[in-house]
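Student: Here it is, the structure, as structure tokens.
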Amino acid sequence: MADRLTENLIATVRQMAQPMRGEPADYDSILEQVGDAQVVLIGEASHGTHEFYQTRAEITRRLITEKGFQAVAVEADWPDAYRVNCYVRGATNITNVNEALSGFKRFPQWMWRNTVVVEFLKWLRQHNTGLPQNATKTGFYGLDLYSLFSSIQAVIQYLDKVDPEAAKKARERYACFEHYGEDPQRYGYTVSFNVEESCQREVLNQLVELQKKAAQYKSGDGRMAQDEYFYAQQNARLAKNAEEYYRSMFEGRVSSWNLRDCHMADTLNALVAHLTGQNQGQPAKVVVWAHNSHLGNAKATEMGTAGELNVGQVVRERYDGEMVSIGFTTYSGTVSAAYDWDEPVERRRVRPGLADSYEKLFHETGLPAFILNLRDNETLKAHLGKPRLERAIGVIYRPETERFSHYFYARLPEQFDTVIHIDETRALEPLERTPQWENAEAPETFPSSL
Numbered sequence: 000m001a002d003r004l005t006e007n008l009i010a011t012v013r014q015m016a017q018p019m020r021g022e023p024a025d026y027d028s029i030l031e032q033v034g035d036a037q038v039v040l041i042g043e044a045s046h047g048t049h050e051f052y053q054t055r056a057e058i059t060r061r062l063i064t065e066k067g068f069q070a071v072a073v074e075a076d077w078p079d080a081y082r083v084n085c086y087v088r089g090a091t092n093i094t095n096v097n098e099a100l101s102g103f104k105r106f107p108q109w110m111w112r113n114t115v116v117v118e119f120l121k122w123l124r125q126h127n128t129g130l131p132q133n134a135t136k137t138g139f140y141g142l143d144l145y146s147l148f149s150s151i152q153a154v155i156q157y158l159d160k161v162d163p164e165a166a167k168k169a170r171e172r173y174a175c176f177e178h179y180g181e182d183p184q185r186y187g188y189t190v191s192f193n194v195e196e197s198c199q200r201e202v203l204n205q206l207v208e209l210q211k212k213a214a215q216y217k218s219g220d221g222r223m224a225q226d227e228y229f230y231a232q233q234n235a236r237l238a239k240n241a242e243e244y245y246r247s248m249f250e251g252r253v254s255s256w257n258l259r260d261c262h263m264a265d266t267l268n269a270l271v272a273h274l275t276g277q278n279q280g281q282p283a284k285v286v287v288w289a290h291n292s293h294l295g296n297a298k299a300t301e302m303g304t305a306g307e308l309n310v311g312q313v314v315r316e317r318y319d320g321e322m323v324s325i326g327f328t329t330y331s332g333t334v335s336a337a338y339d340w341d342e343p344v345e346r347r348r349v350r351p352g353l354a355d356s357y358e359k360l361f362h363e364t365g366l367p368a369f370i371l372n373l374r375d376n377e378t379l380k381a382h383l384g385k386p387r388l389e390r391a392i393g394v395i396y397r398p399e400t401e402r403f404s405h406y407f408y409a410r411l412p413e414q415f416d417t418v419i420h421i422d423e424t425r426a427l428e429p430l431e432r433t434p435q436w437e438n439a440e441a442p443e444t445f446p447s448s449l
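Numbering (numbering that gives the first Met the number 0), first residue to last: 0 to 449.
Structure follows, in structure tokens:
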């Protein structure tokens with residue numbers, strides 16, 4: 000009976016799936032679903048799969064050129080991404096894309112320092128350059144909050160330029176962090192166990208003071224002054240939230256995860272508001288790039304059951320009817336990932352999807368790549384509504400503990416509006432190809448396969 004039900008489910012998915020043929024027209028149905036939506040969330044089932052990054056970039060190009068999206072907001076630190084933003088908008092003397100990406104120095108560099116991102120950023124700069132003089136250019140922004148110390152430095156540099164006396168006060172406030180050697184986790188550990196007092200009051204006071212002088216700081220050279228103030232304000236807000244995040248890391252996963260995703264959702268909201276203001280009230284459209292675990296609705300997963308929320312859930316609530324979420328899955332192949340935090344990137348073999356997983360179900364259709372519209376298909380909602388395993392590979396991949404480390408239960412039709420399945424995928428190519436990446440691990444049948 001179970002086999003018959005599974006066979007019927009496989010047949011239903013195969014019938015409802017839109018095969019992908021490697022053509023621009025593959026994404027026509029996605030653009031139709033997007034319609035006039037203001038926010039489009041495009042995920043990834045790993046931080047190191049070429050096809051996820053490539054497909055996401057191709058969809059984004061069409062959203063920019065055909066739907067008027069004017070910002071790409073990514074799972075990256077605000078200061079590092081803003082350097083890229085200035086490059087793609089021609090607002091800096093940096094003309095080399097590799098130099099524009101040079102801010103991405105900390106692990107995992109390959110998330111943004113890779114060949115797919117390089118090609119997309121070159122295209123985006125060229126696209127912006129070709130626009131009429133007064134047209135709105137599409138920017139590139141970071142949503143994450145790990146950049147405590149670089150954001151502090153950015154606030155001080157901004158104030159040095161516009162208000163030297165305020166810069167002096169900012170240095171005095173931020174000096175609270177000086178003896179932690181730019182190690183935010185050391186700071187979090189120390190204050191969490193009451194070894195030292197926190198810098199919570201100092202980062203909050205600095206943000207408040209910056210906001211009090213908003214009118215003064217934004218009264219300069221038109222749009223440029225507004226952009227520079229917005230960049231500085233976001234860095235000050237990031238410093239406040241990062242300080243809280245690093246303290247929360249030692250209080251439990253749920254607390255720190257929720258802080259991080261709320262920060263990303265709030266940063267997205269602030270970006271939309273800022274760009275809408277520059278559009279004279281015309282709603283700004285933003286596409287978001289992040290992992291599936293951040294962009295799928297947490298309420299439809301084990302995360303929600305455990306008390307975690309995410310960007311996808313918050314955005315769905317804030318932009319009800321004005322957002323679309325797209326997730327990815329793959330069955331097997333290779334992936335760029337590390338075995339542990341801060342270790343070199345490797346090209347690792349991805350094990351075939353587990354039984355009772357969406358990955359295995361989609362593999363059984365026999366289709367190499369396809370798109371499933373889950374939002375507008377009641378048949379698929381009914382057939383795929385039962386919780387199934389779903390795989391998530393971040394920057395670390397440990398196949399020997401795969402079920403525990405990389406799978407969770409989810410209800411896919413409630414998690415995403417559309418899912419793209421690519422059955423066999425290959426590792427994302429980093430700009431810095433380590434020996435571990437060059438010498439990809441052998442197949443699991445080694446050495447008997449020789």
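Just so you know, even glycine gets a beta-carbon here, dropped at the ideal spot from N, CA and C.
Does proline 454 come out as helix, strand or coil in the three-state DSSP assignment?
Tutor: There is no way to answer for residue 454, as the model of the chain reaches only from 0 to 449.
Student: Helix, strand or coil, according to DSSP, for aspartate 422 in the structure here?
Tutor: The residue you call residue 422 lines up with position 423 of the sequence shown. The answer is strand: DSSP assigns aspartate 422 an E or B state.
Student: Is it buried or exposed, lysine 385, if we count other Cβ atoms within 10 angstroms and call 16 or more buried?
Tutor: Walking along the sequence shown from the start, residue 385 turns up at place 386. Result: exposed.
Student: Exposed or buried, serine 218, counting other C-beta atoms within 10 Å across all chains shown (16 or more means buried)?
Tutor: As a position in the sequence shown, residue 218 is number 219, starting the count at 1. Residue environment: serine 218 is assigned as exposed (fewer than 16 neighbouring CB atoms within 10 Å of its CB, all protein chains considered).
Student: So which of Arg315, Ile370 and Glu401 has the shortest CA-CA distance to threonine 328?
Tutor: Here residue 328 corresponds to residue number 329 of the sequence shown, with the count starting at 1. For threonine 328, the nearest C-alpha among the options comes from Ile370.
Student: Considering only C-alpha positions, which residue in the set Tyr408, Leu100, Gly89 and Lys66 is nearest to glutamate 431?
Tutor: Numbered from its first residue, the sequence shown carries residue 431 at position 432. That would be Leu100, whose Cα lies nearest to the Cα of glutamate 431.
Student: What number of angstroms, rounded off, separates the C-alpha of aspartate 422 from the C-alpha of threonine 48?
Tutor: Position 423 of the sequence shown, counted from the first residue, corresponds to residue 422. Position 49 of the sequence shown, counted from the first residue, corresponds to residue 48. Rounded to whole angstroms, aspartate 422 to threonine 48 spans 12 Å at the Cα level.
Student: What separation, rounded to the nearest whole angstrom, lies between the Cα atoms of glutamate 6 and lysine 359?
Tutor: As a working mapping, residue 6 is identified with position 7 in the sequence shown. As a working mapping, residue 359 is identified with position 360 in the sequence shown. Cα to Cα, the separation comes out at about 12 Å.
Student: According to DSSP, simplified to helix, strand and coil, what is glutamate 392?
Tutor: Position 393 of the sequence shown, counted from the start, is the residue given in the question as residue 392. The amino acid occupying residue 392 in the given sequence is isoleucine; glutamate does not appear at that position. Coil.
Student: Out of Val286, Asp355, Ala337 and His290, which has the shortest C-alpha to C-alpha gap to glutamate 321?
Tutor: Residue numbering aside, residue 321 sits at position 322 when the sequence shown is read from its first letter. Closest by alpha carbon: Val286.
Student: Have a look at leucine 62 and leucine 30 and give me their C-alpha separation to the nearest angstrom.
Tutor: The residue given as residue 62 occupies position 63 in the sequence shown. The residue given as residue 30 occupies position 31 in the sequence shown. Each residue's alpha carbon lies about 7 Å from the other.
Student: Under 8 Å between the Cβ atoms of glutamate 377 and tyrosine 357?
Tutor: As a first step, residue 377 must be located in the sequence shown, where it is residue number 378. As a first step, residue 357 must be located in the sequence shown, where it is residue number 358. The answer is no: Cβ separation not under 8 Å.
Student: Reducing DSSP to helix, strand and coil, say where asparagine 376 ends up.
Tutor: Locating residue 376 in the sequence shown gives position 377, where the first residue counts as 1. Note: asparagine 376 maps to coil in three-state DSSP.
Student: Could you tell me how far apart the beta carbons of threonine 333 and arginine 347 are, in whole angstroms, since I believe they sit closer than 8 Å?
Tutor: Stepping through the sequence shown from its first residue, residue 333 is reached at position 334. Stepping through the sequence shown from its first residue, residue 347 is reached at position 348. Sure, about 6 Å apart at Cβ, within 8 Å.
Student: Helix, strand or coil for glutamate 399, going by three-state DSSP, please let me know.
Tutor: Residue 399 sits at position 400 when you count from the first residue of the sequence shown. Note: glutamate 399 maps to helix in three-state DSSP.
Student: Taking C-alpha atoms, which residue in Ala305, Tyr245 and Tyr228 lies nearest to alanine 269?
Tutor: Position 270 of the sequence shown holds residue 269. The residue with the shortest Cα to Cα distance from alanine 269 is Tyr228.
Student: With H, G and I counted as helix, E and B as strand and the rest as coil, what does DSSP make of asparagine 92?
Tutor: Walking along the sequence shown from the start, residue 92 turns up at place 93. Of the three classes helix, strand and coil, the one that applies to asparagine 92 here is coil, per DSSP.
Student: Quick one: grab the DSSP three-state call for glutamate 196.
Tutor: The sequence position of residue 196 within the sequence shown is 197, counting from 1. In the structure shown, glutamate 196 sits in coil (DSSP, three-state: anything other than H, G, I, E or B).
Student: How many whole angstroms separate the CB atoms of phenylalanine 119 and alanine 56, which I take to be in contact at a CB cut-off of 8 Å?
Tutor: Reading the sequence shown from its first residue, position 120 is the one you call residue 119. Reading the sequence shown from its first residue, position 57 is the one you call residue 56. About 4 Å separates the CB atoms of phenylalanine 119 and alanine 56; that is less than 8 Å, so the two are in contact.
Student: Just the Cα atoms here: how many angstroms apart are alanine 1 and arginine 397?
Tutor: Locating residue 1 in the sequence shown gives position 2, where the first residue counts as 1. Locating residue 397 in the sequence shown gives position 398, where the first residue counts as 1. Only weak support exists for where alanine 1 lies, its pLDDT of 49 falling under 50; the value from the coordinates is given anyway. In this model, alanine 1 and arginine 397 are separated by some 31 Å (Cα to Cα).
Student: Could you check the C-alpha separation between methionine 223 and arginine 259 for me, to the nearest Å?
Tutor: Here the question's residue 223 lines up with position 224 in the sequence shown. Here the question's residue 259 lines up with position 260 in the sequence shown. The alpha-carbon atoms of methionine 223 and arginine 259 are separated by roughly 29 Å.
Student: Using the C-alpha atoms, what's the distance from valine 83 back to tryptophan 122?
Tutor: In the sequence shown, counting from the first residue as 1, residue 122 sits at position 123. In the sequence shown, counting from the first residue as 1, residue 83 sits at position 84. Per the coordinates, the alpha-carbon of tryptophan 122 lies some 13 Å from the alpha-carbon of valine 83.
Student: Taking 6 Å as the limit between beta carbons, can you name the residues of its chain near leucine 203, skipping five residues before and five after?
Tutor: Indexing the sequence shown from 1 puts residue 203 at position 204. Cβ within range, chain order: Lys239.
Student: Going by DSSP, which residues form a beta bridge with proline 39?
Tutor: Within the sequence shown, the letter at position 40 stands for residue 39. Before going on, a small fix: residue 39 reads as valine here, not proline. Valine 39 is bridged to Val286 and Val323.
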